[in-house]
Amino acid sequence: MPADLGFFALLSRDIKLAFRQKSDIINPLMFFVMVITLFPLGVSPDPNELAAIAPGIIWVAALLASMLSMENMFRSDFEDGSLERMLVSPMPGFLIAIAKVVTHFLVTGLPLVFIAPVLAYMLSLPSEAYGVMVISLLLGLPTLSLVGAIGSALTVGLKRGALLLPLLVIPFFIPVLIFGTGALQGVIMEQPVTGQLSLMAALLLFSLASAPFACSASLKISMGNG
Amino acid sequence: MTDYLSVDNLLIERDDRLLFKGLTFSVSAGKVLQLVGRNGSGKTSLIRTLLGLMPDFEGDLCWKGKPLHQERDDFFSHLLYIGHKASIKSALTATENLEWLTAAYRKVTYFEIEQALEKVGLRGYEDVECHSMSAGQNRRVALAQLYLLDLPVWILDEPFTAIDLAGVEQLEARIAEHAEQGGAILLTTHHVMNIDAVTKVNLDEFAPRGRNAS
Amino acid sequence: MSFKAKFKRWFHSWASPKWFFEKSERWLPWLGVPALSLLAIGLVWGLIFAPEDYQQGNSFRIIYLHVPAAILSQSIFMMMAVAGAINLIWRIKLADMAAKHCAPIGASFAFIALATGAIWGKPTWGTWWVWDARLTSMLILLFLYLGVIALYSAIDNRETAGRSTAILSLVGLVNIPIIKYSVELWNTLHQPATFKLTEKPSMPAEMWVPLLIMVIGFYLFFGWILFKRMRAEVIEREFKAKWLQKKLIEN
Amino acid sequence: MGEFESFQAFIEMGGHGLYVWLAYAVGAVVIGGNIWWVGRIRKLAEQRLRKYVRRQELEG
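Residue numbers (the working numbering), protein chains in the order written: chain A, 88 to 313; chain B, 10 to 223; chain C, 297 to 547; chain D, 95 to 154.
Quick look at the structure:
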C-alpha cells in the first residue's frame, strides 16, 4: 500500500529533521531539567518536603516540557507548503496525524522518560516509585501528544497560535496530570496503583482511537483560513 | 477525450467579498489550462477549492463526471499538486525531499531521483541539503517530481516562479510532453507559454462588476 | 406528509437565516415574558419565603443563583458542541451562529456559578476559595469556554473559525466527563468527604420548588438572549440581503 | 415578610447579608452585562447594514 509507504516516509523524514535540528530534542529536555531545578530553590531543599511534592513537580514539568514543542508539530510544514501537499496526497489525514504524534512522542516525550529517574532522585522521590513513574510517563506522555496534536492543528497558521495553544490544551491535560501524580502518590502511600495506571492506559487507547481523526479534520479546516 | 476535472457555474466568496461567479471550465486529457487574473482575483482560492481545502463555494465540481467530494480519494491518487510554496524541507537533501514527496504514490529508487534531478538541471546536487541551494534550485527540486511520478492530472500553482530561462524552457517542454501523452494540466502563471494545447481562463472576466473597471 | 418528511423540512428550514429571523421575532416574547416572570417568582420565593437552612442559615439562599447557573453553563456547552457538530456535518449557518453565541453566554453563566460558589464558600468554609471538586470542575469548564472564545477570535475567516471551534467544543464535550471524573477522584484522594455546598440529603419542597422555578427561568432566559444574539448575527452576516434591508429600514 | 420579621432582618439575612447580596449583585451585573451587550451588537450590526444600503444608493 502506497499510503503505508507515505506514513513511514513521513515518520522517517520527521525524525531525520528532528535529529538534524536537534533543538526539538534538546530544548524540551533542558526546559524539563531547569523547571524541576526551580522547585528546590523556590520551595525548600528539605528532602522530606521535596519528596512530598515530587510527583506533582515531575508531572507538571513533564507536561509543560511536552507542550513546549507541540506548537511546532505542524507549523513548519504549514509554512513551507508541505502540510498542504500532504493533505492532497493519497495518504489519509489520520495517518499524517499519527506520524506527527509518534514523532512528537519519540522526540520530546521519550527523552523526558529517560531523564526523569535522575531528577526524581534529586527530588528525593522514594525509590519504590521509580517504576510507576516511568510507566505513568510512558502512558501519559503519548496521550498528551495526541491531545496536543488537535490543539496544534487548530492553531496552525494563526499569528498568535503559540500563545493560544496552551490555553486550548491545558484543560485536556488535567486528567493525565491527576492520574499520573495520583499513581505516584499512591506508591508513596503504599496503596495499590493499578487502578490509576489502567485509567491512564484507557485514556491513551481512547485518545489513540479518536484524536487522529479530530486532528485530521482540524488540519483540513485550518487550511481554509490561509 | 475525458474530462478529468470539471467546474460548473462556480461562485467563490471570501470574507463577504465575491471573488468570481459563473465560472465554468474543464480540465481534460491532452489540454493545458492556464488560469490568469490580477492579484486577488481568486486563482489560489480556486485551486484550494478544487483541492477541498476551502469548503465554501456554490456550483458543481466534478471528477471524471462524478461529484468531486465523493471521489476525493480517486482524485488525490491521480493528482500531482505543486503549490506556490515548494514544500521543500531545507534541512533535508534533494534526494531525501523527493523521497518523502513521492512516497505516498510509489517507491522511487535513488537512480530515478538522480535522473530526474539531472533533467531539471541539478545534476550533482543529489546529496546537497536544500538550505544551501537558491530559491530557483529549490523550486527545481520540487519540479523534479514531474519526471518521477506518473500521474495524469497536474495542478501547478505558479510553477515558473524563481526559475531561470533555461528552466522555463525545460518546464514548458515537460508540460507540452505531458499534454501530448494524454495528461491534463491546470496551472496559474502570468508567463506566456509557448505551447499549442493551452486554453486560457481569465478570472477577471468572472469577477463582479466594478472590479474590472477599477 | 410523513413524520420523517415533515421533520426533514422543519430541520432544513433552520438552514435559512431569513426563516429564522422572521419566526424568532414572534418567539422572543414567548421566551422573554415567562423567563422574567419565573425569575421574579423564583427570586421572591427563594429570597423571602423559602425557609432558612438549619446548618448554613441564610447564606443557603445563594443556591437559587448558583445551581441554575452551574446547570445552565454545562447544558450550554453541550448545546454549543451539538450546534457545532450540525454545522460541521450539514453546513447549517444558523447552527454556526448558535454555537458562536453559546460560548460567551455559557462562559458568563460559568463565571456566575464560580463567583457565587466562592462567595458562598466564605460563610460555609470560612474562606473564599476551597479546591472543592465541583468548584474546580466549574473553573475548568470556564477555561474550556475561554479557550473556545479565544480560538474563535484568533481566526480571521468566519467559516474556519466556526468549524475550528466546533471541533474544539466537541473535543471538550467528550472530555468533560473524563475531567469531572478525574477531578472527583483527585478530590477524594486529598480531602475525603468534606462538607459539600449543595448536596442536601433531603430538601423540603419549599426549598426545591423555587429552585426548580429558577432553573426553568434561567433556561428560558438563555433561549431569549441566544435568539437576540443570533438575530443580531443574522443582520451582521446578511447585510447585503434585500429582504433584511427592506425589513429593517421600513421599521 | 415571609421568613423574615422585618425589612431590616431581610437585608441582614441573619448575618449572611453581605454574602447573599454580593452573590446576587454579581449575578445581576453579569446578566445585565449580557443584555447590554446584545443591544450593542444589534445596534452595530444595524448601523453597518444602513451604511451599506446608503453606499449602494449613492452608487446607484
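Beta carbons: idealized from backbone N, C-alpha and C, even for Gly.
This structure is a prediction, so every number in the text was calculated from the model and none was measured.
- Please report how far the alpha carbon of methionine 276(A) lies from the alpha carbon of leucine 368(C), in whole angstroms. Looking up residue 276(A) in the first sequence gives position 189. Looking up residue 368(C) in the third sequence gives position 72. Cα to Cα, methionine 276(A) sits roughly 39 angstroms from leucine 368(C).
- Determine which residues of the stretch 372-392 of chain C have a Cβ less than 7 angstroms from any Cβ of chain B, and write them out in chain order. none
- Task: Check the Cβ-Cβ distances between isoleucine 237(A) and every residue of chain C, and say whether any is below 7 angstroms.
- Result: Taking the first residue of the first sequence as position 1, residue 237(A) is located at position 150. Yes, because at least one Cβ of chain C sits closer than 7 angstroms to the Cβ of isoleucine 237(A).
- Query: Per DSSP, which one or two residues make a beta bridge with leucine 89(B)?
  - Reply: Walking along the second sequence from the start, residue 89(B) turns up at place 80. According to DSSP, leucine 89(B) bridges with Trp163(B).
- Message: Measuring straight from C-alpha to C-alpha, what distance separates arginine 549(C) and leucine 334(C)?
- Response: Absent from the structure is residue 549(C), since the part of chain C shown begins at 297 and ends at 547.
- Put glutamate 97(B) into one of helix, strand or coil per three-state DSSP. Locating residue 97(B) in the second sequence gives position 88, counting from the first residue. First, the residue type needs correcting, since residue 97(B) is isoleucine and not glutamate in the sequence shown. Residue state, collapsed to three classes: coil.
- Task: Pick helix, strand or coil for leucine 245(A), following the three-state DSSP scheme.
- Result: Start at 1 with the first residue of the first sequence, and residue 245(A) comes out as number 158. Three-state DSSP puts leucine 245(A) in coil, outside helix and strand.
- Message: Let me confirm a value: serine 7(B) is counted as buried when at least 16 other C-beta atoms fall within 10 Å, else exposed. Which label applies?
- Response: Since the first residue shown for chain B is 10 and the last is 223, residue 7(B) is missing from the structure and cannot be characterised.
- At a Cβ threshold of 7 angstroms, is glutamate 546(C) touching chain B? Residue numbering aside, residue 546(C) sits at position 250 when the third sequence is read from its first letter. Glutamate 546(C) does not count as touching chain B.
- Tell me, please, whether the CB atom of glycine 311(A) is closer than 7 angstroms to any CB atom in chain C? The residue given as residue 311(A) occupies position 224 in the first sequence. Yes, because at least one Cβ of chain C sits closer than 7 angstroms to the Cβ of glycine 311(A).
- Measure from the alpha carbon of aspartate 213(B) to the alpha carbon of each residue in Met142(B), Gly49(B), Val36(B), then state which is nearest. What you label residue 213(B) is simply residue 204 of the second sequence in a count that begins at 1. Minimum Cα-Cα distance from aspartate 213(B) among the listed residues Met142(B), Gly49(B), Val36(B) corresponds to Gly49(B).
- Strand pairing of histidine 16(B), partner residues [DSSP]: On the second sequence, position 7 is the one that residue 16(B) refers to. First, the amino acid is wrong: residue 16(B) is valine here, not histidine. DSSP, once it has assigned bridges, lists Phe34(B), Leu70(B) as partnering valine 16(B).
- Task: Going by DSSP, name the residue or residues bridged to alanine 193(B).
- Result: Counting from one through the second sequence, the residue named residue 193(B) turns up at place 184. For alanine 193(B), which the question treats as bridged, DSSP gives the partners Val162(B).
- Short CB-CB distance (under 7 angstroms) between aspartate 65(B) and chain C: Your numbering for residue 65(B) matches position 56 in the second sequence. Yes, its Cβ sits closer than 7 angstroms to a Cβ of chain C.
- Message: Going by DSSP in three states, glycine 338(C) sits in which element: helix, strand or coil?
- Response: By 1-based counting over the third sequence, the position of residue 338(C) is 42. Helix at glycine 338(C).
- Query: Three or more beta-carbon pairs under 8 angstroms between the stretch 112-120 of chain B and the stretch 153-164 of chain B, yes or no?
  - Reply: yes
- Check lysine 319(C) in the structure and name its three-state DSSP category. As a first step, residue 319(C) is located in the third sequence; it is residue number 23 there, counting from the start. Three-state result, lysine 319(C): helix.
- Message: Taking CB distances under 7 angstroms as the criterion, tell me whether alanine 100(B) reaches chain A.
- Response: Within the second sequence, residue 100(B) is the residue found at index 91, counting from 1. Yes, alanine 100(B) counts as interfacial toward chain A.
- Message: Considering only DSSP beta bridges, list what valine 210(B) is partnered with.
- Response: By one-based count along the second sequence, residue 210(B) stands at place 201. Per DSSP, Leu44(B).
- Query: Ordered along the chain, which non-local residues of its own chain (more than five positions away) have a Cβ less than 6 angstroms from that of aspartate 164(A)?
  - Reply: For the purposes of this step, residue 164(A) is taken as residue 77 along the first sequence, with counting starting at 1. Excluding residues within five positions, the ones whose Cβ falls inside 6 angstroms are Leu170.
- Are there 16 or more other CB atoms within 10 angstroms of the CB of proline 313(C), so buried, or fewer, so exposed? Counting from 1 along the third sequence, the entry for residue 313(C) is found at position 17. Per the 10 Å Cβ criterion, buried.
- Task: Could you name the residues that DSSP lists as bridge partners for threonine 53(B)?
- Result: On the second sequence, position 44 is the one that residue 53(B) refers to. Per DSSP, none; premise fails for threonine 53(B).
- Query: Where does the unbroken alpha helix (DSSP H) through arginine 149(D) begin, and where does it stop?
  - Reply: Stepping through the fourth sequence from its first residue, residue 149(D) is reached at position 55. It spans 111-153 - the alpha helix (DSSP H) in which arginine 149(D) sits, taken as one unbroken run.
- Whole-angstrom C-beta distance between leucine 32(B) and phenylalanine 215(B), which should lie under 8 angstroms: Here the question's residue 215(B) lines up with position 206 in the second sequence. Here the question's residue 32(B) lines up with position 23 in the second sequence. Contact flag correct, Cβ pair sits at about 5 angstroms.
- Proximity below 7 angstroms, CB of proline 204(A) to CB of tyrosine 217(A): Along the first sequence, one-based indexing puts residue 204(A) at 117. Along the first sequence, one-based indexing puts residue 217(A) at 130. Result yes, Cβ atoms of proline 204(A) and tyrosine 217(A) sit closer than 7 angstroms.
- Are the C-beta of arginine 357(C) and some C-beta of chain D separated by less than 7 angstroms? Translated into positions along the third sequence, residue 357(C) becomes position 61. With its beta carbon less than 7 angstroms from one in chain D, arginine 357(C) belongs to the interface.
- Query: What do you reckon, are the CB atoms on proline 364(C) and phenylalanine 514(C) nearer than 7 angstroms?
  - Reply: Position 68 of the third sequence, counted from the start, is the residue given in the question as residue 364(C). Position 218 of the third sequence, counted from the start, is the residue given in the question as residue 514(C). The answer is yes: Cβ separation under 7 angstroms.
- Item | Beta carbon proximity, alanine 113(B) to chain A, threshold 7 angstroms | Residue numbering aside, residue 113(B) sits at position 104 when the second sequence is read from its first letter. For alanine 113(B), the answer is yes, since a Cβ of chain A falls inside 7 angstroms of its Cβ.
- Starting from the Cα of arginine 57(B), find the closest Cα among Ser37(B), Lys73(B), Glu22(B), Asp12(B) and give me that residue. In the second sequence, residue 57(B) corresponds to position 48, counting from 1. Out of Ser37(B), Lys73(B), Glu22(B), Asp12(B), Glu22(B) has the C-alpha closest to the C-alpha of arginine 57(B).
- Message: Given this structure, state the Cα-to-Cα distance separating serine 211(A) from proline 127(A), to the nearest angstrom.
- Response: Walking along the first sequence from the start, residue 211(A) turns up at place 124. Walking along the first sequence from the start, residue 127(A) turns up at place 40. Rounded to whole angstroms, serine 211(A) to proline 127(A) spans 11 angstroms at the Cα level.
- Item | Residues that glutamate 138(B) bridges to, as DSSP identifies them | To locate residue 138(B), count along the second sequence from 1; it is residue 129. Beta-bridge pairing links glutamate 138(B) to Thr102(B).
- Locate the alpha helix (DSSP H) running through aspartate 111(A), then write down its first and last residues. The sequence position of residue 111(A) within the first sequence is 24, counting from 1. Looking at the DSSP string, the run of the alpha helix (DSSP H) that includes aspartate 111(A) is 110-129.
- Query: Looking at methionine 157(A) and glycine 248(A), is the spacing between their C-beta atoms short of 7 angstroms?
  - Reply: The sequence position of residue 248(A) within the first sequence is 161, counting from 1. The sequence position of residue 157(A) within the first sequence is 70, counting from 1. Their beta carbons are not under 7 angstroms apart, which means glycine 248(A) does not touch methionine 157(A) by this criterion.
- Message: Taking its Cβ as the centre, do 16 or more other Cβ atoms sit within 10 Å of asparagine 471(C), making it buried, or is it exposed?
- Response: As a position in the third sequence, residue 471(C) is number 175, starting the count at 1. Counting Cβ neighbours within 10 Å, asparagine 471(C) comes out buried, since at least 16 surround it.
- Query: Roughly how many whole angstroms lie between the Cα atoms of alanine 188(B) and lysine 40(B)?
  - Reply: Against the second sequence, residue 188(B) aligns to sequence position 179. Against the second sequence, residue 40(B) aligns to sequence position 31. If you take the alpha carbons of alanine 188(B) and lysine 40(B), they lie about 6 angstroms apart.
- Item | Distance, methionine 287(A) Cα to isoleucine 222(A) Cα | Within the first sequence, the letter at position 135 stands for residue 222(A). Within the first sequence, the letter at position 200 stands for residue 287(A). Each residue's Cα considered, the two are about 10 angstroms apart.
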